[in-house]
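Since the structure comes first, as structure tokens, the remarks are kept for the end.
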Amino acid sequence: MPLALLALAIGAFGIGTTEFVIMGLLPEVANDYGVSIPTAGFLVTGYALGVMFGAPLMTVLGTKVPRKRMLMLLMGLFIAGNLLSALAPAFAVMLVGRVVASLAHGAFFGIGSVVAADLVAPHKRAGAIAMMFTGLTVANVVGVPLGTLVGQSVGWRVTFAVVAALGVVGLAGVAKLVPDLPKAEGVRLRHELAAFKNVQVLLAMAMTVLGFGGVFAAITYIAPMMTHVAGFADGSVTWLLVLFGLGMVGGNLVGGKFADRALMPMLYVSLGALAVVLALFTLTAHDKFASAVTVFLIGALGFATVPPLQKRVLDHAHGAPTLASAVNIGAFNLGNALAAWLGGVVIAAGFGYTAPNWVGAVLAAAALVLAFLSAALERRETAASRTVAGSLPVERPTTTVHH
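In case it helps, our numbering puts the sequence shown at residues 302 to 704.
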């Protein structure tokens, strides 16, 4: 794998850390600014919305900019947002900092996926995408716990300053290691938008929303579920999230490896198993060991879908994949927001802390149905094109008769 993928992975590590570390620091931030925990929660919501809307916006703005330069500009935006968060004198200013940082998120992963895929041979594209996303998954194992520990020990502002420094390392890596790939000739915004007319691109994005939404329906409420149902101490939640992150790392690498060999079967297995494991979580959540194993499996199976879904979007949006790739990253955040809301609805309705697992299982099963539908449509299109090709008259060579 090219060294340029390491630079992309470092950038992804910083982005993944800043996205998730705020969840462990909400009490400290709320106390410092004198706001309630629900109000501080807008720092999470604002970031997610920034990713959703920023992904297409920043990608469109960058259509005329070479991809390497755009990646560097996005890392600069990420650094500025985290510095603003670290120095923010008021809560509203910090919220602005979070949104500024989030604007880099979707476009970085979207453009980075295209760059990563272009750096390797066609049969290694999913593996290259997975390598970049490894930075995001490792952030959940290393960056988030360490960032939380630093924030709780010496202050949350130090955490965001360190994350900004990570952004500087990522920027330097992109500048030094990522080659100046030629910009796709003749690709205009209308070509990028045309990708959304492709049913397969839309189905892949819908699978992203539902499949990863299934994961976050359960994981969003892991703290009350593990402490009130499984019987873990409050301090154990951090290590359970590390276990979830380890699952994400493994699932991402396995998903990337097998997606290059058999993409759709990889999706069938991961989505089907994810639906089953989420349904079983309603039972295993009552036992400490079983629940810990289940948390790991949810991380592994959930992230095993990421490289194949991202590659499928790239494959079907060929010719103008950048915007579609970035919007698919926004789809992950849409799934997170939708699933977190649905999980809260069933808990508020009195179905208990394990009820979001059923929500997740239904969402993952719906994604599996879409995967089968997508494959069926693809087979039909292939058969139709073969029929048309077979029905075309064969042009016979003409012979000239000389007298």
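Note that CB positions come from ideal geometry on N, CA and C, so glycine has one too.
The structure presented is a predicted model; accordingly, all values stated were derived computationally and were not measured.
Classification of Thr-701 by the beta-carbon crowding that lies within 10 angstroms, buried from 16 upward: What you label residue 701 is simply residue 400 of the sequence shown in a count that begins at 1. For Thr-701, the predicted structure reports a pLDDT of 47, less than 50, and the residue's modelled location is therefore unreliable. The matter cannot be settled from this model.
8 Å Cβ shell around Ala-685 - same chain, five flanking residues per side excluded: Within the sequence shown, numbered from 1, the residue matching residue 685 stands at position 384. Taken in chain order, the list of residues that qualify is empty.
DSSP three-state assignment for Arg-562, whether helix, strand or coil: Looking up residue 562 in the sequence shown gives position 261. Three-state result, Arg-562: coil.
Candidates Ala-625, Val-628, Ala-601, Val-663, of which the one nearest Ala-431 by Cα: Translated into the one-based positions of the sequence shown, residue 431 becomes position 130. Of Ala-625, Val-628, Ala-601, Val-663, the residue nearest in Cα terms is Ala-601.
Check whether Leu-584 and Pro-357 have beta carbons under 8 Å apart: Your numbering for residue 584 matches position 283 in the sequence shown. Your numbering for residue 357 matches position 56 in the sequence shown. It is not a contact, given that the beta carbons lie outside the stated cut-off.
Gly-514 versus Val-660: straight-line alpha-carbon distance, rounded: Here residue 514 refers to the residue found at position 213 of the sequence shown. Here residue 660 refers to the residue found at position 359 of the sequence shown. Computed Cα separation, rounded: 9 Å.
C-beta atoms of Ala-427 and Lys-612 nearer than 8 Å: Residue 427 sits at position 126 when you count from the first residue of the sequence shown. Residue 612 sits at position 311 when you count from the first residue of the sequence shown. Their beta carbons are under 8 Å apart, which means Ala-427 touches Lys-612 by this criterion.
Identity of the residue in Ile-412, Asp-419, Thr-346, Ala-650 nearest Leu-327 by Cα: Counting from 1 along the sequence shown, the entry for residue 327 is found at position 26. That would be Thr-346, whose Cα lies nearest to the Cα of Leu-327.
Glu-320 to Gly-636 span [Cα, whole Å]: The residue labelled residue 320 in the question sits at position 19 within the sequence shown. The residue labelled residue 636 in the question sits at position 335 within the sequence shown. Going from the Cα of Glu-320 to the Cα of Gly-636 covers about 15 Å.
Leu-350 versus Leu-554, Lys-477, Val-400, residue with shortest Cα-Cα distance: As a first step, residue 350 is located in the sequence shown; it is residue number 49 there, counting from the start. When each option's Cα is compared against that of Leu-350, the closest is Val-400.
Segment contact flag, the region 429-447 with the region 308-318, C-beta cutoff 8 Å, min 3 pairs: Yes, since at least three Cβ pairs between the region 429-447 and the region 308-318 fall closer than 8 Å, the two stretches touch.
Rounded separation between Gly-573 and Ala-640 - CA only: Mapped onto the sequence shown, residue 573 falls at position 272. Mapped onto the sequence shown, residue 640 falls at position 339. Roughly 18 Å between the two C-alpha positions.
Nearest to Leu-671 (by Cα), restricted to the options Ala-393, Gly-512, Ile-380: Locating residue 671 in the sequence shown gives position 370, where the first residue counts as 1. Comparing Cα-Cα distances from Leu-671 to each of Ala-393, Gly-512, Ile-380, the minimum goes to Gly-512.
Local conformation of Thr-245 per DSSP, three classes: Outside the displayed span of the chain (302 to 704) sits residue 245, for which this structure offers no information.
Nonlocal neighbours in the same chain, by C-beta distance under 7 Å from Ser-592, ignoring five residues either side: In the sequence shown, counting from the first residue as 1, residue 592 sits at position 291. Excluding its 5 nearest sequence neighbours in each direction, Ser-592 has C-beta neighbours in its own chain below 7 Å: Met-527, Ala-531, Thr-585, Ala-586, listed in chain order.
Same chain, Cβ closer than 7 Å to Ala-310, five either side skipped, listed in chain order: For the purposes of this step, residue 310 is taken as residue 9 along the sequence shown, with counting starting at 1. Same-chain partners within the cutoff: Met-432, Met-433, Thr-435, Gly-436.
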